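Chains as they are written, first to last, in our numbering: chain B, 2 to 664; chain C, 90 to 380; chain R, 2 to 98. Reading through the structure tokens given below for one structure.
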Amino acid sequence: MSRIGVFVCHCGENIAGTVDCAVVAEAARSLRGVVHSVDYKYMCSDPGQKLLKEAIRDKNLDGVVVAACSPRMHEPTFRAAAEEAGLNAYQCEMANLREHCSWVHAKGEATTAKAIDLVRIQVEKVKRNAPLRPIRVPVARTALVLGGGIAGIQAALDIANAGNQVILVERSPSIGGHMSQLSETFPTLDCSQCILTPRMVEVARHPQITLYTYAELERLDGFIGNFKATIRKRARKVDEKICNGCGVCTQKCPVKKIPDEFNEGLSMRRAIYVPFPQAVPNRPVIDTANCTFFKSGKCRACEKLCTAKAIRFDQQDEVVTREVGAVVLATGFRTMGTNQFPEYGYGRYPDLIDGLKFERLASASGPTSGAIKRPSDGKIPETVVFIACAGSRDEQKGVSYCSKICCMYTAKHAMLYRHKVHGGKAYVFYMDVRAAGKNYDEFVRRAVEEDGVKYLRGRVSRVYPDKGQLVVKGVDTLLGGEPLEIRADMVVLATAVQAQHGSEELAQKLHVAYDKYRFFAEAHPKLRPVETNTAGIFLAGACQSPRDIPESVAQASGAAAKVCGLFSRPELAREPIVAVVDRQPPPVFSHCVGCFLCRSACPYQAIEEEAIRTRNGEIIRTVAHVNAGLCQGCGTCVATCRTKAIDLQGFTNEQVFAEVVAI
Amino acid sequence: MRLGYYPGCSLLGSSRDFGESVEAVAGALGVELFEVPRWNCCGASSAHAMDRLLALALPATVLATAARANLGEVLAPCASCYHRLVVAQHEIAGSPELKRKVEQVIDIPMGPPVRVLNILEFLERCADRIASKVKQPFAHTVACYYGCLLVRPSKIVAFDRSEDPVSMDRLVVQVGGKTVEWSSKTECCGAALSIPRTPVVGRLGAKIVGDAVAANAEAIVVACPMCHSNLDMRRVSIEEALGRKVSIPVLFITQVVGLALGLPPRALGLERHFVEVKLPAEAAMRASAAS
Amino acid sequence: MDFLRQEALAVDTVSPDASDIVAFHRAFLGSIERHGRLFELGTVLGYKLRTGHLLQDAALAPSMIRRGKLGALPHRTDRQAAAGIFARVRALKEPGK
């Protein structure tokens with residue numbers, strides 16, 4: 002016979018103001034199986050929990066119903082208290098008298114009657130509850146970080162410094178990401194590479210970090226704590242271990258006219274190249290699509306000239322698999338191209354560039370050694386117009402969101418231009434100036450007040466070429482809204498930040514949610530910003546939404562902290578609310594008929610095949626098996642199963658039907 | 090090929106040359122044009138500036154009449170007529186309430202939707218026929234001027250690119266010409282302000298003509314009677330605004346195609362222009378020598 | 002933009018600076034109502050009478066006529082259909098008048 006205890010909480014006036022708690026407790030006392038029923042002002046308080054624990058011990062309760070607020074609030078509280086008193090946590094249930102009753106109804110008999118119904122339902126369920134133990138899953142203490150930009154680098158260092166192993170996979174031949182392309186960073190105007198390269202080197206040297214560059218993730222199988230990552234290391238056609246980084250091959254390669262991606266097409270690179278001088282690893286890679294040898298079998302100049310004999314034309318891609326316990330997504334962003342703007346010439350005017358191109362012009366190690374020069378004729382522009390919000394905040398023709406970083410980097414660009422070209426005129430067409438970070442607003446003020454940048458609040462309707470210059474037609478809405486025209490030598494568009502190429506495919510590979518702009522989705526926008534809804538996969542940096550360097554670094558450290566938390570124990574405890582396929586003695590073995598409808602219904606890929614074998618290893622039947630590590634307890638398979646062979650622990654069919662019947 | 094045909098008021102009067110060239114080219118390409126019976130004026134700018142219902146009713150009558158005459162496709166060479174027909178059809182199709190009101194006003198049922206073609210779409214469709222019948226490649230360098238109504242609003246008209254269209258340029262190249270890159274392809278000519286605000290049309294036209302001349306074009310090619318009128322008939326106002334004389338001629342795209350097909354200039358209405366159409370012969374020879 | 006023009010007419014707040022433009026449109030639409038198609042000569046004359054710009058473009062007329070671009074008579078089409086449309090539009094706006 003059950004021995005259930007009922008505890009009706011007043012929750013101050015939240016419940017007691019509408020529901021007559023004493024009456025509810027009285028009614029519960031008369032339910033079959035209930036041996037203890039009280040009401041109290043604040044069950045979640047220390048005295049309230051003490052009441053609970055004492056009753057469990059004194060009355061030898063085997064089930065408890067706390068009729069109070071929503072289980073989302075205090076289920077863990079009361080379950081922990083029950084465990085402390087010696088009762089299994091899963092034999093404690095809550096009836097929600099607040100969100101489901103007192104907060105949505107007026108005071109009256111009907112409301113109290115409903116409260117009594119809610120209590121009775123939970124009592125009937127708890128009578129059928131079985132004790133459950135958390136599931137323990139082993140954890141591999143290696144993290145996989147996808148993306149070698151500043152966010153990936155930070156996350157990798159933090160996780161490795163905490164004593165864990167890290168595998169950092171970067172798609173391009175060097176780590177560093179967009180930050181390595183920047184000239185100076187706001188608001189301090191620190192040289193970007195100067196602050197980045199020490200971190201890059203630290204990653205390369207770190208004994209606990211394995212760095213795979215020019216590599217991509219092919220597959221991710223498994224579940225939290227136990228992922229299996231299949232990584233393709235693309236062939237550089239250079240033996241990295243023998244190459245000594247002398248660079249002779251990159252100077253002598255005869256194929257010279259390939260637009261350099263790192264310099265955003267402002268200069269050319271060769272078919273064998275190192276992306277930039279500070280690249281990590283400092284090893285060249287052969288661009289086989291453009292290499293003469295790979296196109297026609299001739300040349301081989303690099304091979305002949307290589308002092309270390311490190312060229313390997315026959316090198317193949319290497320596919321490796323690694324066991325990892327957690328994944329950090331830090332794949333970064335790209336910027337919208339200037340060809341997306343019909344009013345600004347579809348990207349055909351060489352002197353109309355985007356922010357990244359301007360960074361390369363301004364960069365001391367860039368194609369012009371830091372001089373601001375027009376791409377068309379190399380002359381120094383006397384008038385530069387900067388257009389903010391190009392493509393952002395534009396429902397009609399671009400993206401609806403704000404790209405966050407452009408107001409700041411536009412101010413920075415205008416300042417750098419004015420510092421380098423003293424007599425030059427800089428105009429910024431803006432809609433709003435968003436400079437919300439620390440020292441950010443002061444930075445923009447400096448651009449206006451000290452560096453003489455002219456800010457015009459208005460949009461640019463058209464840019465067109467005329468006699469070697471670009472005519473910019475805009476408006477100054479703060480000075481009456483008269484249309485104005487500026488003849489500019491160069492126009493810089495602060496184009497929208499967008500999701501990285503290949504984000505959608507990667508998210509689908511990892512079963513991570515993403516939004517319509519292909520940014521990866523966090524588990525909760527306010528309270529869980531570094532986790533995804535896929536257990537064990539975390540987010541860092543701009544792959545989630547546009548953000549600047551300090552935020553990316555902060556978030557990367559946050560993701561690293563989550564990973565370290567995950568790795569801090571040798572085993573992972575998971576809620577036992579998982580589905581289980583029944584097993585019976587022979588000859589039935591299981592009510593499962595092997596139709597696997599559950600497998601197609603499961604949103605988490607948690608259903609596997611299990612072969613039931615004879616002692617000789619012959620297969621008798623193949624039935625479904627739930628991987629407790631992946632199962633999230635949604636119950637879809639339970640609803641789908643035709644033979645009711647699968648049941649959800651903690652919410653069994655029997656328990657749920659008992660609740661329904663009790664209404 | 091058989092096509093419905095809606096010439097519109099200007100092709101009968103002030104842009105008679107356009108009408109003549111359309112019919113001559115259609116004839117040369119073996120296309121039969123069937124005029125929409127008893128067609129009425131589409132209302133042009135005046136209707137939509139003054140009264141919304143009237144502005145929908147007038148083109149709706151044309152569409153309903155065409156549908157009734159089993160003309161599933163209608164060529165409307167005038168860009169303004171084309172625009173009014175397409176926009177009216179789009180708005181009426183989007184609102185059953187509006188459709189009922191319009192049908193009540195025009196006193197005929199709307200009938201099935203009619204596909205309206207502008208002159209550029211029509212010529213694109215005849216691309217193969219044109220290719221096979223070119224007798225004298227039009228070896229000149231021209232500036233293609235699209236005006237406002239052929240490519241805007243892009244969501245409704247859904248034709249070519251709205252900021253830098255290429256369809257007319259492609260047609261010119263197809264018949265042996267070269268086109269220039271210039272910045273006034275879709276700038277407004279002033280349209281119906283030709284009479285009530287002539288100086289404005291002069292100023293706007295001056296920018297367009299000035300840009301075409303600066304881009305070294307031998308002629309401006311248009312696909313709209315209003316644009317032609319404002320750049321050709323109003324040349325005096327343009328010269329006043331520019332402060333100098335400019336003799337760059339303005340041709341309709343159908344006249345360009347017609348010349349390439351070997352049709353005589355008179356049949357194409359070339360002698361009705363205000364600005365004499367004189368294309369440098371040496372340029373033609375130089376061009377054909379270079380190509 | 003058209004909405005603003007139509008509203009300005011409806012509540013009678015058209016700027017006097019735009020009276021020429023409205024006069025032109027009225028002349029144009031008057032021609033359509035009467036003839037079903039644009040009678041250019043009639044429209045221009047109507048515009049001149051409404052605005053008083055009697056000599057505007059006077060020099061243009063002979064060159065237009067010489068080029069066959071200005072007909073002396075309106076074109077033929079179904080005038081009653083056009084008149085009917087205008088009448089019904091007017092009736093819907095001012096029922097009872």
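The C-beta atom is built at its ideal place from N, Cα and C for all residues, glycine as well. All values reported here derive from a predicted model rather than from experimental measurement.
Beta carbon proximity, residue i to chain C, threshold 8 angstroms
| i | result |
| --- | --- |
| residue 467 of chain B | yes |
| residue 81 of chain R | no |
| residue 484 of chain B | no |
| residue 46 of chain R | no |
Contacts around residue i, its chain only, beta-carbon distance under 6 angstroms, and the 5 residues preceding and following it disregarded
| i | result |
| --- | --- |
| residue 224 of chain B | 630 and 631 |
| residue 177 of chain C | 145, 148 and 149 |
| residue 236 of chain B | 316, 317 and 318 |
| residue 28 of chain B | 117 |
| residue 623 of chain B | 595, 610 and 612 |
| residue 351 of chain C | 224 and 225 |
Same chain, Cβ closer than 8 angstroms to residue i, neighbours up to 5 away in sequence not counted
| i | result |
| --- | --- |
| residue 270 of chain C | 304 |
| residue 17 of chain R | none |
Same chain, Cβ closer than 7 angstroms to residue i, five either side skipped, listed in chain order
| i | result |
| --- | --- |
| residue 76 of chain B | 95 |
| residue 572 of chain B | 137, 138, 139 and 140 |
| residue 97 of chain R | Low confidence applies to residue 97 of chain R: its pLDDT is 49, below 50, so where it sits in the model is not reliable, and the reading given next is rough at best. Hits under 7 angstroms: none found. |
| residue 197 of chain B | 151, 177, 180 and 181 |
| residue 142 of chain B | 165, 166, 326 and 568 |
Helix, strand or coil at residue i according to DSSP, with G and I counted as helix
| i | result |
| --- | --- |
| residue 65 of chain R | helix |
| residue 22 of chain R | helix |
| residue 103 of chain B | helix |
| residue 266 of chain B | coil |
| residue 38 of chain B | strand |
| residue 244 of chain C | helix |
| residue 95 of chain R | coil |
| residue 551 of chain B | helix |
| residue 340 of chain C | strand |
| residue 122 of chain C | strand |
| residue 423 of chain B | coil |
| residue 626 of chain B | strand |
| residue 144 of chain C | helix |
CB contact below 8 angstroms: residue i versus chain B
| i | result |
| --- | --- |
| residue 371 of chain C | Confidence in residue 371 of chain C is poor, its pLDDT being 48 and thus under 50, which makes the residue's placement unreliable; the coordinate value appears in the next sentence. It does not: the Cβ of residue 371 of chain C has no partner Cβ on chain B nearer than 8 angstroms. |
| residue 272 of chain C | yes |
| residue 204 of chain C | no |
| residue 333 of chain C | no |
7 angstroms Cβ cut-off: residues of chain B touching residue i
| i | result |
| --- | --- |
| residue 253 of chain C | 343 and 347 |
| residue 250 of chain C | 343 |
First through last residue of the beta strand (DSSP E) which encompasses residue i
| i | result |
| --- | --- |
| residue 8 of chain B | 5–10 |
| residue 608 of chain B | 608–614 |
| residue 484 of chain B | 484–489 |
| residue 94 of chain C | 91–94 |
| residue 139 of chain B | 136–139 |
| residue 223 of chain B | 216–224 |
Where residue i meets chain R, residues with beta-carbon distance less than 7 angstroms
| i | result |
| --- | --- |
| residue 294 of chain C | Near residue 294 of chain C there are no residues of chain R at all, since even the closest Cβ is about 15 angstroms away, more than 7 angstroms. |
| residue 137 of chain C | 3 |
Chain C residues whose Cβ lies nearer than 9 angstroms to that of residue i
| i | result |
| --- | --- |
| residue 78 of chain R | 127, 128, 129 and 130 |
Neighbour flag for residue i against chain R, beta carbons, 8 angstroms
| i | result |
| --- | --- |
| residue 380 of chain C | Reliability of the predicted coordinates at residue 380 of chain C is poor, the pLDDT of 48 falling under 50, and no value is obtained from them. |
| residue 166 of chain C | no |
| residue 302 of chain C | no |
Residue range of the alpha helix (DSSP H) that includes residue i
| i | result |
| --- | --- |
| residue 257 of chain C | 256–263 |
| residue 116 of chain C | 105–117 |
| residue 458 of chain B | Here residue 458 of chain B belongs to no alpha helix (DSSP H); instead the beta strand (DSSP E) covers 455–458. |
Under 8 angstroms by beta carbon: chain R residues contacting residue i
| i | result |
| --- | --- |
| residue 288 of chain C | The contacting residues do not exist; residue 288 of chain C stays about 12 angstroms from chain R at best. |
Contact list for residue i against chain C, beta-carbon separation under 7 angstroms
| i | result |
| --- | --- |
| residue 16 of chain R | Those within 7 angstroms of residue 16 of chain R in chain C number zero; the least Cβ separation is about 13 angstroms. |
| residue 53 of chain R | By Cβ distance, chain C contributes nothing, its closest Cβ being about 13 angstroms from residue 53 of chain R, past 7 angstroms. |
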